[in-house]
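For the sequence shown, position 220 matches number 219 in numbering that gives the first Met the number 0, and the numbering has no gaps at all. Note that beta-carbon positions come from the ideal geometry of N, C-alpha and C, so glycine has one too. None of these values were measured; they are calculated from a predicted model. Each remark here refers to the structure printed beneath this line.
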Amino acid sequence: MTPITVPLRGAMRELNLADLDDMALGATLLGAGGGGDPYIGRLMAVQAIETYGAVQIVEPSELDPDGLVVTVAGIGAPTVLIEKPPAGPEFVGAALALAKYLGKEPVAIMPIEVGGLNTLIPLAAAAEMGLPVIDADSMRRAFPQIEMTTFTLAGITASPMSMVDINGNVVIISTTTNQVAEKLARALMIEMGMGAGMSLYSMSVAEVAKHGIQGSMSYCVDLGRKLSAVQRGERGAFDKFLDFAEGKRVFSGKIIDLDRRTTAGFARGTVVIEHLEDPTRIMRIEIQNEFLMAFEDGKPIITTPDLICILDHENAG
Numbered sequence: 000m001t002p003i004t005v006p007l008r009g010a011m012r013e014l015n016l017a018d019l020d021d022m023a024l025g026a027t028l029l030g031a032g033g034g035g036d037p038y039i040g041r042l043m044a045v046q047a048i049e050t051y052g053a054v055q056i057v058e059p060s061e062l063d064p065d066g067l068v069v070t071v072a073g074i075g076a077p078t079v080l081i082e083k084p085p086a087g088p089e090f091v092g093a094a095l096a097l098a099k100y101l102g103k104e105p106v107a108i109m110p111i112e113v114g115g116l117n118t119l120i121p122l123a124a125a126a127e128m129g130l131p132v133i134d135a136d137s138m139r140r141a142f143p144q145i146e147m148t149t150f151t152l153a154g155i156t157a158s159p160m161s162m163v164d165i166n167g168n169v170v171i172i173s174t175t176t177n178q179v180a181e182k183l184a185r186a187l188m189i190e191m192g193m194g195a196g197m198s199l200y201s202m203s204v205a206e207v208a209k210h211g212i213q214g215s216m217s218y219c220v221d222l223g224r225k226l227s228a229v230q231r232g233e234r235g236a237f238d239k240f241l242d243f244a245e246g247k248r249v250f251s252g253k254i255i256d257l258d259r260r261t262t263a264g265f266a267r268g269t270v271v272i273e274h275l276e277d278p279t280r281i282m283r284i285e286i287q288n289e290f291l292m293a294f295e296d297g298k299p300i301i302t303t304p305d306l307i308c309i310l311d312h313e314n315a316g
């Protein structure tokens, strides 16, 4: 496999196949129970890189500050992605459609979220387009709705945005607010078969540097590497992982009920966990694509933007 060159902690280095594995693992954790399976994105990235060559992961300071950056992502319900994975061309198609509409060629691709499937999709698209990927995102996790970004807080519009389905149908959306962009994109995605590629949040490199969350892809790889050490059973690895992630264990139990359904373009539901040592203690986690809020005995104990993650007792999977 052709290596990817990526700056991790400020130093250029090659991202090999093992690093892609760590990125997928980190993306699973940052997906907070949703975001789509990064394993699919990893397969797409590996295939694209082997076919088209290496991808440069760069910092904004390495690019023309006036250059155009677009994000590339998938939109859909994670429950549907299990049975209907993305085809691949819809993501490059979305980026090309937006560039054509804007009348300007992008100088880089950026992930909208480092969490779940959308962490690795930009690598696949960038490889085919021959563009670098910026080591940044807009939330350093997965969130269910388009407007839930640092760019929205900065007043940057998600539109114009392009959406492309697996059959190559293209739609350009222009809206007055990012909240409206989410509503229209969600409705269109349902008509596109519950999944589509999209390109949105076009902006300058300078705006990415000012309003994006820097180093997110590097962090994702490092997080995955820490969790991989836990899975290998290395001594003290779990404590090191928690320290790195600034996390804590809040509940240990077994899942006794799971209700998950696809509603209005989202995977919504509830997971119920019974405490291992005290079965009278019950945790309930509410889902909208991702784990959004956790309750113990009916009282809220965790809510977003904190990440709620579930790890297997035996293998930290």
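key: Supposed contact pair Val-113 and Met-216 - C-beta distance, whole angstroms, cut 8 Å   = 6 Å
message = For Gln-178, which residues in the same chain have their Cβ closer than 7 Å to its Cβ, ignoring the five residues on either side in sequence?
response = Glu-146
inquiry  = Using C-beta distances below 6 Å, list every residue in its chain close to Glu-276, excluding the 5 sequence neighbours before and after it, in chain order.
reply    = none
message = If the criterion is Cβ atoms closer than 7 Å, does the pair Gly-33 and Glu-289 meet it?
response = yes
task = Look up Glu-245 in the DSSP assignment and give the residues it is bridged to.
result = Paired residue(s): none; Glu-245 is not in a bridge.
Beta-carbon contacts of Ile-281 that lie in its chain and below 8 Å, excluding the five residues immediately before and after = Val-271, Ile-272, Glu-273, His-274, Glu-295, Asp-296
task = Quickly, what does DSSP pair Leu-199 with across the bridge? List them, please.
result = Thr-70
query = With a cut-off of 8 Å, do at least 3 Cβ pairs link the segment 156-170 to the segment 54-67?
reply = no
ask   = According to the neighbour-count rule (16 or more other Cβ atoms, all chains shown, within 10 Å of its Cβ), is Thr-27 buried or exposed?
value = It is buried - the Cβ of Thr-27 has at least 16 other Cβ atoms within 10 Å.
ask   = Ends of the beta strand (DSSP E) at Gln-55?
value = No beta strand (DSSP E) contains Gln-55, which DSSP labels as neither H nor E.
Neighbourhood of Leu-80 by C-beta distance below 6 Å, restricted to the same chain and skipping five residues each side = Gly-35
request  = Starting from Gly-194, follow its DSSP beta bridges and name the residues at the other end.
outcome  = Paired residues: Gly-75.
ask   = Taking Leu-187 as the reference, which of Gly-211, Ala-205, Met-160 has the closest Cα?
value = When only C-alpha atoms are compared, the closest one is Met-160.
key: Beta-bridge pairing of Gln-213 - partner residues as DSSP gives them   = Ala-135
ask   = Applying the criterion that 16 or more other CB atoms from any shown protein chain within 10 Å of the CB defines a buried residue, is Arg-140 buried or exposed?
value = Classification of Arg-140: buried, given that the 10 Å Cβ count is 16 or more.
message = Under DSSP, the alpha helix (DSSP H) around Glu-285 begins and ends at which residues?
response = Counted as a single uninterrupted DSSP element, the stretch harbouring Glu-285 is not any alpha helix (DSSP H) but the beta strand (DSSP E) occupying residues 281-287.
inquiry  = Shorter than 6 Å, the distance from the beta carbon of Leu-226 to the closest heavy atom of the ligand HEM, or not?
reply    = The model depicted lacks the ligand HEM and carries no ligand whatsoever.
message = Please state the DSSP three-state secondary structure of Lys-298.
response = strand
Cα-Cα separation, Gln-230 to Lys-247 = 17 Å
inquiry  = Can you check which of these residues, Tyr-200, Met-292, Met-128, Ala-86, is closest to Pro-110 by C-alpha distance?
reply    = Tyr-200
C-beta contact flag for Met-43 and Cys-219 at 7 Å = no
query = Which value, in whole angstroms, describes the spacing of the CA atoms of Leu-226 and Gly-232?
reply = Computed Cα separation, rounded: 10 Å.
key: Minimum C-alpha distance to Gly-264 - residue among Lys-253, His-210, Met-193, Met-202   = Answer by Cα proximity: Met-193.
request  = Return yes when the Cβ of Gly-223 is within less than 7 Å of the Cβ of Leu-24, no when it is not.
outcome  = yes
ask   = In terms of DSSP beta bridges, what is Pro-84 paired with?
value = In the DSSP output, where bridge partners are listed per residue, Pro-84 has none listed.
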